[in-house]
Amino acid sequence: MPDLTVTSAQSPAADTSDDRIFTTHSAVIVLDGASAYAPVPVSPSTYADSLGRHLRDHLAHDTGIDLADALADAITATTIQLGLTAGRSPSSTVTILRRRDEHVDVLMLGDNLLVAPGRTITDPRLDHLDIPERHLYKQRLADGTGFDDTHRGLLITLQRRQAARRNRPGGYWIAETDPAAAYQAIRATIPADQIPWAIVATDGAYTPMKHLGITDWPTISAMTTADLHDVVTRCHTWEHDTDPDARTLPRAKRHDDKTLAAVRIQLPAAATDIPTPS
Numbered sequence: 013m014p015d016l017t018v019t020s021a022q023s024p025a026a027d028t029s030d031d032r033i034f035t036t037h038s039a040v041i042v043l044d045g046a047s048a049y050a051p052v053p054v055s056p057s058t059y060a061d062s063l064g065r066h067l068r069d070h071l072a073h074d075t076g077i078d079l080a081d082a083l084a085d086a087i088t089a090t091t092i093q094l095g096l097t098a099g100r101s102p103s104s105t106v107t108i109l110r111r112r113d114e115h116v117d118v119l120m121l122g123d124n125l126l127v128a129p130g131r132t133i134t135d136p137r138l139d140h141l142d143i144p145e146r147h148l149y150k151q152r153l154a155d156g157t158g159f160d161d162t163h164r165g166l167l168i169t170l171q172r173r174q175a176a177r178r179n180r181p182g183g184y185w186i187a188e189t190d191p192a193a194a195y196q197a198i199r200a201t202i203p204a205d206q207i208p209w210a211i212v213a214t215d216g217a218y219t220p221m222k223h224l225g226i227t228d229w230p231t232i233s234a235m236t237t238a239d240l241h242d243v244v245t246r247c248h249t250w251e252h253d254t255d256p257d258a259r260t261l262p263r264a265k266r267h268d269d270k271t272l273a274a275v276r277i278q279l280p281a282a283a284t285d286i287p288t289p290s
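The structure is reproduced here in structure tokens:
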């Protein structure tokens, strides 16, 4: 029996999304390739797919490997495979949840969200950067400008300014070409009996979910694939029909890719051996 089971939904489907999900017997990996508004040598989906496959292979081969070591090796392998250069390459968030003996290990790099009983884990460092274009594009959307040429220009400038502070002290850390970023990830180790379930979501899913009040996480954790698909479809439909110009919920584009994974974690087996009196 696997150490965990994963039920998931994506919008759009994986073959047209920059999000990726990979699983092993004991781990789930969720990646969100960052939308590229300035030219990059390969697509964010190609980058996220390569990185996720290398990570999956590491975790399947060595179930006890340190998660940062696995991510560092995967970043190096992806950089070589795709011929990437620092500062001019796509990047991706990474969330890993792994059951290891009587513990669950979590690694978070970038602004995915992990919710479990009594805890929420995310990486706010990118959002904390004080870059004027980020505030300006959101204010313009709230004022009703829509996704015009000025908006697109602001996103290009914003992404270039973010790249200048990528994987640097005082900036933010993300999977790109520098394996050292893996050791700056947010990490946690939790006793397995305290985390029977977890939800992992990319920001394209959890941002509208929170706005719409779809936050009954224990219920979501038990949903079927069809139920999860209904959740991401509801978010997409709201964006399309109710807030198409992102005036109510300012965001970089009308529809960001949405990935939602519900993870059920097998609890440690209870001791059953009862000593026999001598």
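Everything in the sequence shown is counted per the working numbering, starting at 13 for the first residue and increasing by one. We put the beta carbon where it would ideally sit given N, CA and C, even for glycine.
I'd like the list of long-range same chain contacts for residue 148, defined as Cβ closer than 7 Å, with 5 residues on each side in sequence excluded.
Excluding residues within five positions, the ones whose Cβ falls inside 7 Å are 166.
CB-CB under 6 Å to residue 35, same chain, minus the five flanking residues each way: which ones, in chain order?
Cβ neighbours of residue 35 within its own chain (closer than 6 Å, five residues either side excluded): 18.
For the 8 Å Cβ check, are there 3 or more pairs between the segment 256 to 264 and the segment 86 to 96?
No, because fewer than three Cβ pairs between the segment 256 to 264 and the segment 86 to 96 fall closer than 8 Å, the two stretches do not touch.
Run of the beta strand (DSSP E) containing residue 203, from where it starts to where it stops
Counting along the chain, the beta strand (DSSP E) containing residue 203 begins and ends at 198 to 203.
On a Cα-Cα basis, can you pick out the residue from 33, 32 and 47 that is closest to residue 266?
It is 47.
Beta-carbon proximity of residue 169 to residue 163, cut-off 8 Å
In this structure, residue 169 keeps its C-beta atom at 8 Å or more from the C-beta atom of residue 163.
Taking DSSP as the reference, what is the three-state secondary structure of residue 22?
Residue state, collapsed to three classes: strand.
Quick check on residue 238: buried or exposed, where buried means 16 or more other Cβ atoms within 10 Å of its Cβ?
With fewer than 16 Cβ atoms within 10 Å of its Cβ, residue 238 is classed as exposed.
Residues in its own chain within less than 7 Å of residue 218 by CB, not counting five upstream and five downstream?
Contacts found: 125.
Find out if the Cβ-Cβ distance for the pair residue 214, residue 150 is shorter than 8 Å.
No, these two residues do not count as a Cβ contact at 8 Å.
Residue interval of the alpha helix (DSSP H) (run including residue 164)
Secondary structure note for residue 164: its alpha helix (DSSP H) is the uninterrupted segment 161 to 176.
Please say whether residue 189 and residue 57 have beta carbons closer to each other than 8 Å?
Not in contact: residue 57 and residue 189 (Cβ atoms no closer than 8 Å).
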